[in-house]
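**Q** Here's a structure for you.
Chains as they are written, first to last, in the UniProt record's numbering: chain A, 1 to 452; chain B, 1 to 452.
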């Protein structure tokens, strides 16, 4: 079997371009409209994507004046989408800093059962003071501490997901014995951040546990990914950078004693499509024309830790910005923005235009053929196992990708033409079902046999 | 309009009788089978019930040997059921002791939006050491402290649900203004148990917030219900007791400055149905014959704080049991069990048989006509605004109730014959949409106009 591309649809209200909501075609109430998300999920399924994905943070960002704010809670929304789809994986973002392992492990187990093995968890540690202050803290915990908590969270969550062996239920009606207590393994965990005594109150799920996804590219983030992640979303602006990132991550994964093929790297791409190059450029300009630059300046100043009024729209970034080590928030995003501006010598206005499309992810403007070429080049040269598709405008941008780029990728043999037999999300990504830590023979269990 | 009965379907894997899973008809894997719950929800909707309900606790109870254990997380399961139904209300149990207000308020808001205003929250404080030890505590907090935390939780949650005024989104594309920041009201709450700074990241929902339901009947529980609850589930063994309970709760509600008609009291009933009285009795015996008495003795000893081996199967309860004040767990359940045993002079074996049916709720064995008579009597004599229907076996017990009791209740004019126009859960229960604390004119907003 030839290696196939993995595609994830990153869904976000009216699209990833910050000005998308202002287009005549966009519904400014899409952020809380289930029908909008059902339509997007079905389109992604028509395009035989591996999965769809929702980002999240437990806070209301900045101001509601600038663009659609707020969102349905991802696990809740994905549960509704599970019943509206059949095949596609469902990846929800949830924070290890602002959840407790018992509750979150249980919710993911429930979604995995309800969806027939299609749940994924994008693990985030949640940067920012705003979120911290919604959960009783004065300020966000330090970056390294957030990651230490995340690692312990994952260890506990996996103990909880393994607390029922696969064949715990014996259902002997005549003897009056429903389950085998010897196959229940309470975590009895006492760590630095968590104490969790008892077994989960959900049986082991079709996938054992959700596909583990990670998206931070800081040093802490990469170390965490190498240890736990099975898929990684990443923002990469150049093919060379993406290759280095992927090679580094796979080497780190191997160093953790894991198969380096069991971590899939998916850079984000914002495809601005047109049937001709000129049409695609016009679409790009239409979006840029709707950007309100004052908002962008304010956001950049916050990201770069600069006082209000420090940046000039038509000048480059000032010298003397702090190094990444000094940043306790979203480290890798900080570095990506600074490096992009320096490398291409962008003015603040140009930088805002570039970030407006995909917040630092690669924006590619062109025809379906050109977008397919880029995807194929990155994929075949080892820069990507697949892509995180981030349409600038939704639903039209996902329609365009599925109607015009997907057929090219299929014709080139890069993408499946149909889903085929029922598979779990982990099987779609070519990953094995994790063995239960308590069951010696677990590797012998076929994932399909374990589907309930 | 004549006063109508409110019916809630209390769903529980293979049914409320503890031995139900052992019947030939029962699926011992029903506890994690979405299709089972979809079927039950649609049956309840066919019976024009107001709502359905899932109980919950964040722990794996005791042993898995005795009966089906574990359950899908209620808010997750109800979200899936929201997409499989159109009219029925969806009431999820969630704990104020083991959740944070920001996360839980958001999840209920999300379900309320996804379901078009059909979300309800059964507020519990969660008794027991087992749950406490899954969340970093050594022992459960004292009863009064759990309720103090619950009250603060509710105050914060309502601030969060009101943190967006109903008309926050202005969606002015031309001006580039999406929302009105002046209509966002961050809680900035600093209390005893919680500090929550920022606004919720979900807009105000069709119902404003979920229907608030409560089920504890201790002194603390009743005080809490009078202040917050709009519907109360209660276990009552006698009509006189139910009348006293209801009158007391409505008086307390009025004393809180609320309309006593804005709290609906629903006693639980376990209807063991047969087309003749003899057939119903046979069904009751069939269920009792499947009880494993050793398990029941152990549970009773735990509930009554007795050493193992203290109880004899064919003797009455011993003297000298502790008073309710000494119990820090489920106070009202303790008292109900002790009073039931004393009042009817039951042996331990008989008590276990009675509790096996509905864990202290009224078990009524008879024909559909007789069950309807009981319901009508309690309803017309002020002992109930409706009933929490707890079929002993599922799905068959709910089918039987909807096919045979519901038509009688409809013929007597006690129950709606169809749902009629689209309504929120709160409207079905005849309750007003709560005004936003920050909007002076909120009472003028019609609930239907606010449906998204």
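In this text, a Cβ means the ideal position worked out from N, Cα and C, and glycines have one as well.
So is residue 385(A) buried or exposed if we call it buried at 16+ other beta carbons inside 10 Å?
**A** As a working mapping, residue 385(A) is identified with position 385 in the first chain. Flag for residue 385(A) reads buried.
**Q** In whole angstroms, give me the CA-to-CA distance for residue 282(B) and residue 111(B).
**A** Within the second chain, residue 282(B) is the residue found at index 282, counting from 1. Within the second chain, residue 111(B) is the residue found at index 111, counting from 1. So the two alpha carbons sit approximately 42 Å from each other.
**Q** Run through chain B and tell me which residues come within less than 8 Å of residue 114(A), C-beta to C-beta.
**A** The sequence position of residue 114(A) within the first chain is 114, counting from 1. Correct list: 34, 72, 76, 77, 80.
**Q** Is the segment 202-219 of chain A touching the segment 144-164 of chain A, taking contact as three or more C-beta pairs under 8 Å?
**A** Counting Cβ pairs under 8 Å, three or more are found: they touch.
**Q** If you measure between the beta carbons of residue 321(B) and residue 300(B), is that distance less than 8 Å?
**A** As a first step, residue 321(B) must be located in the second chain, where it is residue number 321. As a first step, residue 300(B) must be located in the second chain, where it is residue number 300. Not closer than 8 Å, so no.
**Q** Out of 52(A), 269(A), 201(A), 380(A), point me to the one whose CA is closest to residue 82(A)'s CA.
**A** The residue labelled residue 82(A) in the question sits at position 82 within the first chain. Ranking the options by Cα distance to residue 82(A), first place goes to 52(A).
**Q** Using only alpha-carbon positions, find the residue among 195(B), 46(B), 405(B) that is nearest to residue 155(B).
**A** Indexing the second chain from 1 puts residue 155(B) at position 155. Of 195(B), 46(B), 405(B), the residue nearest in Cα terms is 195(B).
**Q** In chain B, which residues lie with their C-beta within 8 Å of the C-beta of residue 181(A)?
**A** Position 181 of the first chain holds residue 181(A). The contacting residues are 63, 64, 65.
**Q** Whose C-beta lies closer than 6 Å to the C-beta of residue 67(A) among residues of the same chain, with five residues either side of it excluded?
**A** Position 67 of the first chain holds residue 67(A). These residues qualify, in order along the chain: 18, 21.
**Q** What residues from chain A crowd round residue 198(B), counting only those whose CB sits closer than 7 Å?
**A** Here residue 198(B) is taken as the residue at index 198 of the second chain, counted from 1. Within chain A, the residues near residue 198(B) are 59, 60, 130, 133, 134.
**Q** Residue 94(B) by DSSP, collapsed to three states: which one?
**A** Reading the second chain from its first residue, position 94 is the one you call residue 94(B). In the structure shown, residue 94(B) sits in a strand (DSSP, three-state: E or B).
**Q** So, are the CB atoms of residue 49(A) and residue 8(A) less than 8 Å apart?
**A** On the first chain, residue 49(A) is found 49 positions in, with the first residue counted as 1. On the first chain, residue 8(A) is found 8 positions in, with the first residue counted as 1. Yes. Within cutoff.
**Q** Kindly indicate if chain A contains any beta-carbon less than 8 Å away from that of residue 173(B).
**A** Position 173 of the second chain, counted from the first residue, corresponds to residue 173(B). Output row for residue 173(B): interface = yes.
**Q** With DSSP as the reference, please indicate the residues paired to residue 232(B) in a beta bridge.
**A** Numbered from its first residue, the second chain carries residue 232(B) at position 232. Note: residue 232(B) sits in a beta bridge opposite 214(B), 265(B).
**Q** DSSP three-state label for residue 52(A), please.
**A** Counting from 1 along the first chain, the entry for residue 52(A) is found at position 52. Strand.
**Q** Do residue 96(A) and residue 114(B) come within 8 Å of each other at the CB atom, strictly closer than that value?
**A** Mapped onto the second chain, residue 114(B) falls at position 114. Mapped onto the first chain, residue 96(A) falls at position 96. No, the pair does not count as a contact, with Cβ atoms beyond the cut-off.
**Q** Taking residue 268(A) and residue 362(A) to be in contact with their CB atoms under 8 Å, please state how far apart those CB atoms are, rounded to whole angstroms.
**A** Locating residue 268(A) in the first chain gives position 268, counting from the first residue. Locating residue 362(A) in the first chain gives position 362, counting from the first residue. Residue 268(A) to residue 362(A), Cβ: 7 Å. Contact.
**Q** Tell me where the beta strand (DSSP E) around residue 7(B) begins and ends.
**A** Locating residue 7(B) in the second chain gives position 7, counting from the first residue. 6-10 is the extent of the beta strand (DSSP E) around residue 7(B).
**Q** Taking a cut of 9 Å between CB atoms, which residues from the segment 259-280 of chain A lie near chain B?
**A** Here the close residues number zero.
**Q** Could you tell me the alpha carbon to alpha carbon distance between residue 274(B) and residue 315(B), rounded to whole angstroms?
**A** For this step, residue 274(B) is matched to residue 274 along the second chain. For this step, residue 315(B) is matched to residue 315 along the second chain. Computed Cα separation, rounded: 31 Å.
**Q** To the nearest angstrom, how far is the alpha carbon of residue 243(A) from that of residue 374(A)?
**A** Counting from one through the first chain, the residue named residue 243(A) turns up at place 243. Counting from one through the first chain, the residue named residue 374(A) turns up at place 374. So the two alpha carbons sit approximately 14 Å from each other.
**Q** Would you report the Cα separation of residue 146(B) and residue 85(A), rounded to the nearest angstrom?
**A** If you number the second chain from 1, residue 146(B) lands on position 146. If you number the first chain from 1, residue 85(A) lands on position 85. Rounded to the nearest angstrom, the two C-alpha atoms are 41 Å apart.
**Q** Can you tell me whether residue 456(B) is helix, strand or coil according to DSSP?
**A** Look at the range of chain B in this structure, 1 to 452, and you will see that residue 456(B) is not part of it.
**Q** Using three-state DSSP, classify residue 338(A) as helix, strand or coil.
**A** Mapped onto the first chain, residue 338(A) falls at position 338. If DSSP states are grouped into helix, strand and coil, residue 338(A) belongs with the helices.
**Q** Using the DSSP secondary-structure output, state which residues sit across from residue 27(B) in a beta bridge.
**A** Indexing the second chain from 1 puts residue 27(B) at position 27. BP columns for residue 27(B) are empty, so no partner.
**Q** Please classify residue 92(B): is it buried, with 16 or more other beta-carbons within 10 angstroms of its beta-carbon, or exposed?
**A** By one-based count along the second chain, residue 92(B) stands at place 92. With 16 or more Cβ atoms within 10 Å of its Cβ, residue 92(B) is classed as buried.
**Q** Considering only their Cβ atoms, is the gap separating residue 226(B) from residue 253(B) smaller than 8 Å?
**A** Walking along the second chain from the start, residue 253(B) turns up at place 253. Walking along the second chain from the start, residue 226(B) turns up at place 226. Yes, the pair counts as a contact, with Cβ atoms nearer than the cut-off.
**Q** Tell me the rounded alpha-carbon separation between residue 213(B) and residue 123(B).
**A** Taking the second chain and counting its residues from 1, one reaches residue 213(B) at position 213. Taking the second chain and counting its residues from 1, one reaches residue 123(B) at position 123. Spanning the two alpha carbons is a distance of roughly 6 Å.
**Q** Given a cut-off of 8 Å on the beta-carbon distance, is the pair residue 266(A) and residue 134(A) in contact?
**A** Translated into the one-based positions of the first chain, residue 266(A) becomes position 266. Translated into the one-based positions of the first chain, residue 134(A) becomes position 134. No, Cβ-Cβ distance for residue 266(A) and residue 134(A) is not below 8 Å.
**Q** Listing by chain order, which chain A residues have their CB less than 7 Å from the CB of residue 203(B)?
**A** The residue labelled residue 203(B) in the question sits at position 203 within the second chain. Here the neighbours are 32, 70.
**Q** For residue 88(B) and residue 430(A), I'd like the C-alpha separation in whole angstroms.
**A** As a working note, residue 88(B) is residue 88 in the second chain. As a working note, residue 430(A) is residue 430 in the first chain. Those two C-alpha atoms are separated by around 41 Å.
**Q** Tell me the rounded alpha-carbon separation between residue 107(B) and residue 203(B).
**A** Reading the second chain from its first residue, position 107 is the one you call residue 107(B). Reading the second chain from its first residue, position 203 is the one you call residue 203(B). Each residue's Cα considered, the two are about 12 Å apart.
**Q** Just mark residue 220(A) as buried or exposed, buried being the case when its beta carbon has 16 or more other beta carbons within 10 Å.
**A** Numbered from 1 along the first chain, position 220 holds the residue referred to as residue 220(A). Per the 10 Å Cβ criterion, buried.
**Q** Against chain B, which members of the segment 394-419 of chain A pass a CB distance test of less than 7 Å?
**A** Under the 7 Å Cβ criterion, the segment 394-419 of chain A contributes no residue.
**Q** Where does residue 168(A) land, buried or exposed, given buried means 16+ other C-beta within 10 angstroms?
**A** Position 168 of the first chain, counted from the first residue, corresponds to residue 168(A). The residue in question, residue 168(A), is buried, as its Cβ has 16 or more Cβ neighbours within 10 Å.
**Q** Under 8 Å by Cβ, that's how I've got residue 392(B) and residue 16(B) pegged, so tell me the actual separation to the nearest angstrom.
**A** Taking the second chain and counting its residues from 1, one reaches residue 392(B) at position 392. Taking the second chain and counting its residues from 1, one reaches residue 16(B) at position 16. The Cβ separation is near 5 Å, so the contact holds.
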